[in-house]
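Engineer:
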Amino acid sequence: MTAAIISGKQVAEEIRQGLREEMERLADKGFKPGLAVVIVGEDPASQVYVRNKDKACHDLGYYSEVHKLEESTSQEELLALVDKLNQQDNIHGILVQLPLPKHIDEKSVINAIAVEKDVDGFHPVNVGNLVIGDDSLLPCTPAGVIELIKRTGLEIAGKHAVVVGRSNIVGKPVSLLLQRENATVTMCHSRTANMKELTLQADILVVAVGKANFIDASYVKPGAVVIDVGVNRLENGKLAGDVDFESVKEVSGPITPVPGGVGPMTITMLMNNTMIAAKRLSG
Ligand code: GUN
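Residue numbers 1373 to 1655, in the numbering used here, belong to the letters of the sequence shown in order.
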């Protein structure tokens, strides 16, 4: 039997609807969440992401600032802008689009963002809070992954979750969030010796390796929930996930497509984080 498709587009729209309702409540108080997005240089993919973030703010009625800086911008100039945004009362979230040009040290820039305005959840203090289970701004894509799993109706507690990929922005935080939901978590990566043996035990399989169609049906336990975080551009120009959707959907349980799965969740969770940060900052 073919599996149910988890529509990230639909879940994202439901969350945005909740944010719109929240905006109506805030309008009575004359208050708007504000997001500042900073982009350095001309990377075409980054420009698209930044435009989409700005558009999402406008759609919801948030205040939005986009700062486009030249490729030649110095680290000091960028840090000075971050410092100014940290102090600006109408800005509750700050996102510096990555990657940055090579002459700028990404870590120094992330560390300079005020912890309470770090809507990416990349600041080491927010990462640390995630590890110890304290309240923090959660990284957007991992938070979106958990939301999608929950919306399938599956009880995460007690399940065996296998995460393939150990990146700082997806694999590691997803595994921590799944543990927080009381799953038993196994992490696989490029040096894992017996990957198929492990993925075949997964009730929940999350894949984030950046390799098109890396996981086929032979890796998947019948009925498992499969979340595909990969976005890979094929030679024919089409997008493919890390999971071979056509073969896997014949054995899995609910599964996310690419595009239309995890992708639409990321910006929505950014909007959610900006709302959370705004409410905390405004007391
Ligand atoms: N570049 C690609 N994805 C992201 C993201 O989630 N946050 C930031 N800041 N840069 C990115």
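All C-beta atoms in this analysis are idealised placements derived from N, C-alpha and C, irrespective of residue type, glycine included. Only a predicted model underlies this, so the values are computations on that prediction, with no experimental measurement involved.
Nearest to residue 1500 by CA position, among 1545, 1471, 1479, is which residue?
Structural biologist: Residue 1500 has its Cα closest to that of 1545, out of 1545, 1471, 1479.
Engineer: Relative to ligand 1, is the shortest distance from any of its heavy atoms to the C-beta of residue 1573 smaller than 6 Å?
Structural biologist: False, no ligand heavy atom lies under 6 Å from that Cβ.
Engineer: Straight-line CA distance for residue 1399 to residue 1596?
Structural biologist: C-alpha separation (whole angstroms): 43 Å.
Engineer: Is residue 1557 helix, strand or coil by DSSP?
Structural biologist: Strand, per DSSP.
Engineer: Which residue from 1480, 1447, 1491 puts its Cα closest to that of residue 1653?
Structural biologist: Considering only alpha carbons, the answer is 1491.
Engineer: Would the beta-carbon of residue 1643 fall within 7 Å of that of residue 1457?
Structural biologist: No.
Engineer: Given that a residue counts as buried once 16 or more other Cβ atoms are within 10 Å of its Cβ, and exposed if not, what is residue 1495?
Structural biologist: So residue 1495 counts as buried.
Engineer: Excluding five sequence neighbours on each side, which residues of the same chain lie with their C-beta closer than 7 Å to the C-beta of residue 1470?
Structural biologist: Excluding positions up to five away in sequence, the list reads 1478.
Engineer: Can you check DSSP and say which residues form a bridge with residue 1437?
Structural biologist: DSSP output for residue 1437 lists 1408 as bridge partner(s).
Engineer: Residue 1450: beta carbon under 6 Å from a heavy atom of ligand 1?
Structural biologist: No, the Cβ of residue 1450 stays beyond 6 Å of every heavy atom of ligand 1.
Engineer: So, does the segment 1619–1631 touch the segment 1373–1388, judging by three or more C-beta pairs under 8 Å?
Structural biologist: Flag = yes, the segment 1619–1631 and the segment 1373–1388 touch.
Engineer: If you draw a straight line from the C-alpha of residue 1461 to the C-alpha of residue 1487, how long is it?
Structural biologist: Near 15 Å, if we compare the C-alpha coordinates of residue 1487 and residue 1461.
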